[in-house]
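Novice: Input: one structure, supplied below.
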Amino acid sequence: MDEKIDKKLFIQTLGCQMNDTDSQHIIAELKQHKNYTTTDNIEDADLIIINTCSVREKPVSKLFSEIGQFNVKKKEGAKIGVCGCTASHLGKDIMKRAPYVDFVLGARNISKIKDVVDTKGAVEIDIDYDDSTYQFASTSTSLYKTSVNISVGCDKECTYCIVPATRGDEISIPPEMIIEQVKKDVARGAKEVTLLGQNVNSYGRRFSDKREKTTFTKLLQEVSKIDGLERIRFTSPHPLHMDDEFIEEFAKNPKISKCIHMPLQSGSTQILKAMRRGYTKEWFLNRAKKIREMVPDVRITTDIIVAFPGETEEDFEDTIDVIKQVKFDQIFNFKYSPRPNTAALELKDLEIADEIGSARLTEVIELHKVHQTELMESNIGNTVTVLFDNLRPNGEVSGYTDNFCQVFVKGSDELLGKFIDVKVTSATRTALKGEVVK
Ligand code: SAH
Ligand code: SF4
Ligand code: F3S
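Residue numbers for the sequence shown follow my numbering, beginning at 452 and rising by one.
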């Protein structure tokens, strides 16, 4: 430890799983180098950090009201730091609007946390900064599950998306660093790993040193060789890079969890083109069909944006058509939100009226509810294998099946960390209940 006195960190995380991992890295770095431990109580904190998301407009406006609250509640002398994607794109404007903020740290600069934390006024938001080979202090989250970043940034140019502007170009983390990290976590007791990146299946094209290109499929093969690791998950893959080799590995590798995220965005080839997604409606349907054929019990999740500028009723019907054909197990729905530094801003004249956007969103949600009920209820009476990871105060234990369906049973901590057969007795739209098969 660099410093002796115990200090308390309160950290709030918004946004995606990458942000969660970034927050874990911040906690671990500050613990190791600055002697911080976490607290859930803002009033106790010596340092308050908010790790922000800027993918949609709402979280950004929320940011300023939230840090204003922090400033009121914080104890005398406590510091406030703003990290993450909104930090990347607003930079020092954050301090202009909220002068009590002590430092600003962009999503691509997280490894500098120990340096900025004691530098009043520090703003580190370099979008070309490369921390892909930085060895973060060890994190200690869930005992049975771990998340490991496999790349930083995103090389795509989806016209609605701010991420390339907040997280920069895509750089893959060297495979040996990923393997070493997973091995360490498995030695600690982890049985499941989630490999994380904005675009995981374009892994291996660019590293920070000069080395041969590789592929995500090869990485999956290497990770699955690790003894003691039982389940591999990953997010987010891109439908464009779901080639046959990748789908076959997904289907045949017994360690890979049979749940896949296929972010559709739109079912209209026309809109997909305007979004610069690189695939067509037919390609998406073909990939989903191949996955379903090869993995009959697969669960498929997706992201959908409605009311992208120029989206006609016909375009929207194409989205509905894909939803009907694929029957997604989970849909994350969004209404298009114009973001700074994105190409879609040029389509301002084609923006869709808010009430039309809301009506389309509702239609997607209602249709999806019907599918969810049908899909979840089809599990009743089946026996599923669950890795239990969470003991709840009400005497229930929860975990996930191999195809990432959440299951609850009555039980004790004896179930934790084990793969156990459960007979499903009931279903809601989002989870199953059952009894342990003796
Ligand atoms: N790289 C990830 C996407 C990260 S952003 C992937 O491809 O899966 C997560 C989701 O937010 C996107 O898939 C998209 O559906 C949604 N999103 C991104 N920008 C948006 C915007 N401007 N308006 C509405 N939704 C958006
Ligand atoms: Fe994650 Fe994107 Fe939000 Fe950043 S902007 S936290 S990458 S969802
Ligand atoms: Fe965004 Fe598309 Fe990359 S959604 S994160 S630009 S794959």
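Note that beta-carbon positions come from the ideal geometry of N, C-alpha and C, so glycine has one too.
Indicate the three-state DSSP secondary structure (helix, strand or coil) for Thr881 in the structure shown.
Specialist: In this structure, Thr881 counts as coil in the three-state DSSP scheme.
Novice: Can you list, in chain order, the residues of its chain with a C-beta nearer than 6 Å to that of Ile561? Leave out the 5 residues immediately preceding and following it.
Specialist: Excluding positions up to five away in sequence, the list reads Asp473 and His476.
Novice: Determine the direct distance from the alpha carbon of Asn650 to that of Cys710, and round the result to whole angstroms.
Specialist: Their backbone Cα atoms lie some 16 Å apart in a straight line.
Novice: Would you list the residues sitting across from Asn502 in a DSSP beta bridge?
Specialist: Paired residue(s): Thr464 and Cys534.
Novice: Going by alpha carbons, who is nearest to Ile500 out of Glu696, Ile803 and Val568?
Specialist: For Ile500, the nearest C-alpha among the options comes from Val568.
Novice: Quick check on Tyr852: buried or exposed, where buried means 16 or more other Cβ atoms within 10 Å of its Cβ?
Specialist: This sequence places Thr at residue 852; Tyr is not what is there. Classification for Thr852: buried.
Novice: As a quick check of your reading: which residues have a C-beta less than 6 Å from at least one non-hydrogen atom of the ligand F3S, in chain order?
Specialist: Here the residues come out as Cys605, Lys607, Cys609, Cys612, Val614, Pro615, Gln649, Asn650 and His689.
Novice: Do Ile629 and Val603 have their C-beta atoms within less than 7 Å of each other?
Specialist: Their beta carbons are not under 7 Å apart, which means Ile629 does not touch Val603 by this criterion.
Novice: Mind checking whether the beta-carbon of Ile622 lies closer than 6 Å to any heavy atom of the ligand SAH?
Specialist: No, the Cβ of Ile622 stays beyond 6 Å of every heavy atom of the ligand SAH.
Novice: So does Asp754 have its beta carbon nearer than 6 Å to some heavy atom of the ligand SAH?
Specialist: Correct: Asp754 has its Cβ closer than 6 Å to the ligand SAH.
Novice: For Cys710, write down the residues that DSSP places opposite it in a beta bridge.
Specialist: According to DSSP, Cys710 bridges with Arg750.
Novice: Threshold first: 3 residues or longer. Then list the beta strand (DSSP E) segments lying entirely within the segment 551-619, N to C.
Specialist: The segment 551-619 contains these whole beta strand (DSSP E) runs: 554-557, 573-575 and 596-600.
Novice: Go through its chain and collect everything with a Cβ distance to Lys524's Cβ below 8 Å, but skip five positions before and after it.
Specialist: Contacts found: Ile493 and Glu494.
Novice: Does the distance between the C-beta of Ser788 and the nearest non-hydrogen atom of the ligand SAH fall short of 6 Å?
Specialist: Correct: Ser788 has its Cβ closer than 6 Å to the ligand SAH.
Novice: Rounded to whole angstroms, what is the Cα-Cα separation between Lys820 and Ile564?
Specialist: The alpha-carbon atoms of Lys820 and Ile564 are separated by roughly 42 Å.
Novice: Where does Asp695 sit, in a helix, a strand or coil, going by DSSP?
Specialist: Helix, per DSSP.
Novice: Have a look at Tyr654 and Lys482 and give me their C-alpha separation to the nearest angstrom.
Specialist: Between Tyr654 and Lys482, the C-alpha separation is close to 31 Å.
Novice: Of the residues Phe658, Thr731 and Ala558, which one's Cα is nearest the Cα of Asn618?
Specialist: Rather than Asn, the amino acid found at residue 618 in this sequence is Arg. Ranking Phe658, Thr731 and Ala558 by Cα distance to Arg618 puts Ala558 first.
Novice: Compute the beta-carbon to beta-carbon distance between Val555 and Lys543, rounded to the nearest angstrom, for a pair I have assumed lies under 8 Å.
Specialist: Going by Cβ atoms, the distance from Val555 to Lys543 rounds to 7 Å, so yes, they are a contact pair.
Novice: Under three-state DSSP, which class holds Lys732?
Specialist: Helix, per DSSP.
Novice: Can you tell me whether Val714 is buried or exposed? The criterion is at least 16 other CB atoms within 10 Å of its CB, across all chains shown.
Specialist: The question names Val, but residue 714 in the sequence shown is Pro. Looking at its Cβ environment, which holds 16 or more other Cβ atoms inside 10 Å, Pro714 is buried.
Novice: Using the three-state DSSP reduction, which class does Thr407 fall into: helix, strand or coil?
Specialist: Nothing about residue 407 can be read from this structure; the chain reaches only from 452 to 889.
Novice: Helix, strand or coil for Ser829? Go by DSSP, reduced to three states.
Specialist: Here Ser829 sits in coil by DSSP.
Novice: DSSP three-state label for Phe839, please.
Specialist: Three-state result, Phe839: strand.
Novice: DSSP puts Ile774 in a beta bridge; with which residues?
Specialist: In DSSP, Ile774 forms no bridge with anything.
Novice: Taking 8 Å as the limit between beta carbons, can you name the residues of its chain near Val848, skipping five residues before and five after?
Specialist: The residues are Phe839, Asn841, Leu842, Phe859, Val860, Lys861, Gly862, Ser863, Asp864, Leu866 and Leu867.
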